[in-house]
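A.B. asks: Attaching a single structure in structure tokens format; questions to follow.
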Amino acid sequence: MSSIPDELSYTKEHEWVAGLDDGLTVTVGITAYASEQLGDVVYVQPPEVGSNIELGDAVGEVESTKSVSDIYAPVSGEVTAVNSTVVDDPSLVNSDPYGDGWLFQVRITGTPDDLLTAEEYTALISGDS
């Protein structure tokens, strides 16, 4: 199983969130576990810059050789950036999910309260939750 960075927050839908400390803008991606379950990612459709997203809504898609999966908004807010590099090279979701494989950034509204710690996420994917 892949390592799970302690400094990130996670969702039960296998997205990660970075940058909650500043309370303004966060970066969102899918976890290594999710990318491993998907297989080779061949297409990424993130939300559009300027769109407003709501916590829990499907805001994009990741397509692999196995299936198509929705990307769910882990926070509410306005999308401020999309990683065009990962759109051009979707394999980055597999090769560097916590680095160059990030998907989009959001200027958050409110404080998300249902994100998981690395320890809680590890328990979830290990079946210990």
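Residue 57 in this note's numbering is what sits at position 12 of the sequence shown, and the numbering runs on without skipping anything.
Note that the Cβ used here is the ideal one computed from N, Cα and C, for glycine as well.
Treat the numbers as computed from the prediction; the structure is a model and nothing was measured.
Ignore the nearest five residues each way along the sequence and tell me which others in Gly220's own chain have a CB closer than 7 Å to its CB.
C.D. replies: This structure gives no information on residue 220, because the portion of the chain shown stretches from 46 to 174.
A.B. asks: Less than 8 Å between the beta carbons of Ile75 and Glu60, yes or no?
C.D. replies: Position 30 of the sequence shown, counted from the start, is the residue given in the question as residue 75. Position 15 of the sequence shown, counted from the start, is the residue given in the question as residue 60. Yes.
A.B. asks: Do the region 133 to 145 and the region 155 to 173 make contact, defined as three or more Cβ pairs closer than 8 Å?
C.D. replies: Too few Cβ pairs lie closer than 8 Å, so no.
A.B. asks: Go ahead and pull the three-state DSSP assignment for Tyr117.
C.D. replies: Your numbering for residue 117 matches position 72 in the sequence shown. In the structure shown, Tyr117 sits in a strand (DSSP, three-state: E or B).
A.B. asks: For Thr154, I'd like the list of residues in its chain whose CB is within less than 6 Å of its CB, leaving aside the five on either flank, ordered along the chain.
C.D. replies: Here the question's residue 154 lines up with position 109 in the sequence shown. Cβ neighbours of Thr154 beyond the five flanking positions: Ser121, Gly122.
A.B. asks: Quick one: what does DSSP say Glu99 is sitting in, helix, strand or coil?
C.D. replies: Your numbering for residue 99 matches position 54 in the sequence shown. Residue state, collapsed to three classes: coil.
A.B. asks: Hey, out of Asp102, Ser114, Ala103, whose CA is closest to Tyr88's CA?
C.D. replies: Stepping through the sequence shown from its first residue, residue 88 is reached at position 43. Residue Ser114 is the option with its Cα nearest to Tyr88.
A.B. asks: Tyr143 by DSSP, collapsed to three states: which one?
C.D. replies: Position 98 of the sequence shown, counted from the first residue, corresponds to residue 143. In this structure, Tyr143 counts as coil in the three-state DSSP scheme.
A.B. asks: Roughly how far, in whole angstroms, is the beta-carbon of Leu160 from the beta-carbon of Pro119, given that I think they are within contact range, below 8 Å?
C.D. replies: In the sequence shown, residue 160 corresponds to position 115, counting from 1. In the sequence shown, residue 119 corresponds to position 74, counting from 1. Leu160 to Pro119, Cβ: 7 Å. Contact.
A.B. asks: Return the first residue and the last residue of the beta strand (DSSP E) that Thr130 is part of.
C.D. replies: Position 85 of the sequence shown, counting from 1, holds the residue named residue 130. It is not in any beta strand (DSSP E) - Thr130 instead sits in the alpha helix (DSSP H) that spans 129 to 133.
A.B. asks: Under 8 Å by Cβ, that's how I've got Thr125 and Gln150 pegged, so tell me the actual separation to the nearest angstrom.
C.D. replies: Looking up residue 125 in the sequence shown gives position 80. Looking up residue 150 in the sequence shown gives position 105. Between Gln150 and Thr125 the Cβ distance is about 5 Å, and since that is below 8 Å, they are a contact.
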